[in-house]
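One structure below.
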Amino acid sequence: MPTLERMASAFDTHQVTNQPPPLSGHDVFGSDAALAEATARHGAAAMLDELHQLGRQAGNEHAQELGRRANEHPPVLRTHDRYGNRLDVVAYHPAYHELMTTAIRHGLHAAPWADERPGAHVARAAKVITWYQVDGGHICPISMTYSVIPALRHQPDVATEWEPRLTSTTYDQTNRPAGQKDGATAGMAMTEKQGGSDVRANTTTARPSGVAGEHLLTGHKWFCSAPMSDAFLMLAQAPGGLSCFLVPRWRPDGTRNPIRIQRLKDKLGDRSNASSEIELLDTWGTLIGEEGRGVRTIIDMVNHTRLDCVLGATAVLRQGVAQATWHTHHRAAFGTVLDEQPLMTQVLADLAVESEAATLAALRLAAAFDADPADQHEQLVKRLVTPVVKYWVCKRAPAHAAESLECLGGAGYVEESDLPRLFRQSPLNGIWEGSGNVMCLDVLRALLKEPESLDVYWTEIDAAAGADGRLDDAATELRKELADPADLERRARRVVERMALVFQGALVVQHSPAAVADAFCASRLAGDRGLAFGTMPAGTDAAAIVERARPVPLA
Ligand SMILES: Cc1cc2nc3c(=O)[nH]c(=O)nc-3n(C[C@H](O)[C@H](O)[C@H](O)COP(=O)(O)OP(=O)(O)OC[C@H]3O[C@@H](n4cnc5c(N)ncnc54)[C@H](O)[C@@H]3O)c2cc1C
274 MPTLERMASA FDTHQVTNQP PPLSGHDVFG SDAALAEATA RHGAAAMLDE LHQLGRQAGN
334 EHAQELGRRA NEHPPVLRTH DRYGNRLDVV AYHPAYHELM TTAIRHGLHA APWADERPGA
394 HVARAAKVIT WYQVDGGHIC PISMTYSVIP ALRHQPDVAT EWEPRLTSTT YDQTNRPAGQ
454 KDGATAGMAM TEKQGGSDVR ANTTTARPSG VAGEHLLTGH KWFCSAPMSD AFLMLAQAPG
514 GLSCFLVPRW RPDGTRNPIR IQRLKDKLGD RSNASSEIEL LDTWGTLIGE EGRGVRTIID
574 MVNHTRLDCV LGATAVLRQG VAQATWHTHH RAAFGTVLDE QPLMTQVLAD LAVESEAATL
634 AALRLAAAFD ADPADQHEQL VKRLVTPVVK YWVCKRAPAH AAESLECLGG AGYVEESDLP
694 RLFRQSPLNG IWEGSGNVMC LDVLRALLKE PESLDVYWTE IDAAAGADGR LDDAATELRK
754 ELADPADLER RARRVVERMA LVFQGALVVQ HSPAAVADAF CASRLAGDRG LAFGTMPAGT
814 DAAAIVERAR PVPLA
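Take 274 as the starting number for the sequence shown in the working numbering and just add one per residue.
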């Protein structure tokens, strides 16, 4: 038996030094200066209190633990009961339900549709960026619920029935007909095995049931996330062509609608969220919008989810910066704190510039979603800038997450640090709702079909004219690229990347501190940088950029 003295000396060998305190107990929203400033600037100043409240909740240890648990215990499919009857239900860990409860209570799923205050979409966007940093997975059904409403409004009688449920701030996880519930969520099922980008290739059929508007759908969907949602928008081939349907989990007569969940996808990340394959056999659906105009109808949902992809990717960038700047501020190597070592400061500053530029673009885009539908300028910003920004911000996320992770050294590769989960989540927003090439082709489509959108884009850029010569030069070069119609499809990634950078540049020179704006223009517009993060030119005030980006604990 060891003596007391021996035990004491054994404990002495286990001294933990030079390890940072956990990044918790801070305001995730308030610590993000770029986000807080942009939120106030774009008309949501009246909602700042709500945002700080959610920010503090996102920054506390309990919420962070919920995010971990919801991912460590992913959803489980139960296809049948013990007697062999079909169940088609997914069981989630209680942590997932708690995350959903908070998101819905704060209106991330629908507040702008029920809240007439100006800036409601901007405030919601800032909330999504904030709460996504706790767990990205459950934001999927939150985002689809937000996005379904503008599409449902193509069918006013259905919208009148469903909107009160979808905008309710009560999360009701029970599996009952939506009419009996205190709140509802919605999903979307477009992608089929033979095509996701090319939804016109959908083979699911919809035959009229004999009751006006009602159809019976037969076929399959290859990706259907959040399959416990109360209703889904689906595309199917009706006699009049590809059409959009609302398909509830329960039929109007109170019986279960046959939505057979075949299996759940075993995904790279996004593990708290269930993504399923489903089969439909005479599944009840009601027509939304005009028969044969399904893509036109569902595109309103798609455009809002594309905004949310930008918000999700922006959150990935910000979380990486928060973790990297925090860790390196509290850890030393070779006798000096890491974030004071010149090479590390360069890396952190580069990551922070990327995050700030993405944040400004995301919130400017969200402001367009707040605009009056009669405001032609803002509608065209939405049309053209959504795919431009979605392409670029999502494209930056995986490389950014990898570099943020590396700032923590080996600890960043260990699950407990949360960065492996961030890294696995990082490519997803680039795939959802139109992957990279599809976004670039969509930009070309907008330029072709709504050429006025380019004039609107230039109005946005011209607002910053003269502020920085490097921005002016980049804009001139871009005008030349866009004026050359030759081989535009092959050049689309190059052109869209430049459009995104010039758009971000116009925002940072107007709104960011000089150090951030200068670093952005030098590295991203004048091209004075290498291919990796941490290669911005001499003269960059990296220390000031890092200081601005580092999260601050609550007093
Ligand atoms: C986790 C997860 C959850 C999902 N949840 C849902 C959901 O709930 N509902 C739903 O409907 N879908 C969902 N999806 C599906 C997703 O939207 C599709 O995977 C996506 O739209 C791409 O479609 P696809 O997989 O068929 O790829 P494809 O369409 O086969 O595309 C493959 C590649 O080819 C590129 N490409 C396509 N066309 C062109 C072209 N003309 N020129 C050049 N390149 C081109 C694409 O950019 C892509 O890189 C989910 C996907 C994931 C990963």
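Here a beta-carbon is modelled for each residue, glycine too, at the ideal position from N, C-alpha and C. Quantities reported herein were computed from a predicted structural model and do not represent experimental measurements.
Beta-carbon gap between residue i and residue j smaller than 9 Å
i      : j      : result
Ile561 : Leu439 : no
Ala622 : Ile818 : yes
Val716 : Ala765 : yes
Leu372 : Leu324 : no
Ala736 : Gly778 : no
Leu508 : Val583 : no
Ala399 : Ala309 : yes
Tyr686 : Leu695 : no
Leu744 : Leu798 : yes
Ile402 : Ala635 : yes
Lys370 : Gln446 : Here residue 370 turns out to be His, not Lys, going by the sequence shown. Taking 9 Å as the Cβ cut-off, His370 and Gln446 qualify as a contacting pair.
Leu506 : Ile571 : yes
Val711 : Ser470 : yes
Arg329 : His299 : yes
Start-to-end residues for the alpha helix (DSSP H) that takes in residue i
i      : result
Gly492 : Counting along the chain, Gly492 falls outside any alpha helix (DSSP H), though it belongs to the beta strand (DSSP E) covering Glu487 to Ser498.
Glu750 : Gly742 to Ala756
Arg771 : Ala765 to His784
Val716 : Gly709 to Lys722
Asp503 : Counting along the chain, Asp503 falls outside any alpha helix (DSSP H), and DSSP gives it neither H nor E.
Pro481 : Where Pro481 is concerned, there is no enclosing alpha helix (DSSP H), although the beta strand (DSSP E) it sits in stretches over Thr478 to Pro481.
Gln330 : Leu321 to Gly332
Gly703 : Leu701 to Ile704
Ala816 : Ala815 to Ala822
Asp791 : Ala787 to Phe793
Ligand 1 heavy atom lying under 8 Å from the CB of residue i
i      : result
Ile532 : no
Glu770 : no
Gly709 : yes
Thr464 : yes
Lys494 : yes
Asp471 : yes
Trp705 : yes
Leu714 : yes
Asn546 : yes
Cys413 : yes
Met417 : yes
Met461 : yes
Cys497 : yes
Lys540 : yes
Leu701 : yes
Asp543 : yes
Gly585 : no
Own chain partners of residue i with C-beta closer than 6 Å, once the 5 adjacent residues on each side are dropped
i      : result
Pro810 : Ala795 and Asp801
Ala641 : Glu651, Val654 and Lys655
Tyr730 : Leu657
Ala822 : Val594, Thr598 and Ala625
Met274 : Bear in mind that the predicted position of Met274 carries a pLDDT of just 48, short of 50, making it unreliable; the figure below should be weighed with that in mind. Result list for Met274: empty, nothing under 6 Å.
Met320 : Ala396
Ala639 : His394, Val395 and Ala398
Ala788 : Asp814, Ala817 and Ile818
Residue i - containing beta strand (DSSP E), residue span
i      : result
Val520 : Gly514 to Pro521
Pro693 : Taken as a continuous stretch (DSSP letters only), Pro693 belongs to no beta strand (DSSP E), being part of the alpha helix (DSSP H) at Leu692 to Gln698.
Glu552 : Ser548 to Ile561
Ala459 : Ala459 to Ala462
Leu537 : Ile532 to Leu537
Own chain residues within Cβ distance below 7 Å of residue i, not counting five before or after
i      : result
Ala816 : Thr618
Ala675 : Phe696
Asp455 : Ser441, Thr443 and Asp445
Ala740 : Val782 and Gln783
Nonlocal neighbours in the same chain, by C-beta distance under 8 Å from residue i, ignoring five residues either side
i      : result
Asp543 : Gly409, Gly410, Cys413, Arg697, Gln698 and Leu701
Ala318 : Thr312 and Gly392
Val775 : Ile734, Leu744, Ala747, Ala748, Leu751 and Leu798
Q: Just list the alpha helix (DSSP H) runs in the stretch 602–682, keeping only unbroken ones of 4 residues or longer that don't cross its boundaries, in chain order.
A: 615–643 and 649–680
Q: Can you check the stretch 339–389 for any beta strand (DSSP E) of at least 3 residues that lies completely inside it and give the ranges in chain order?
A: 349–353 and 359–364
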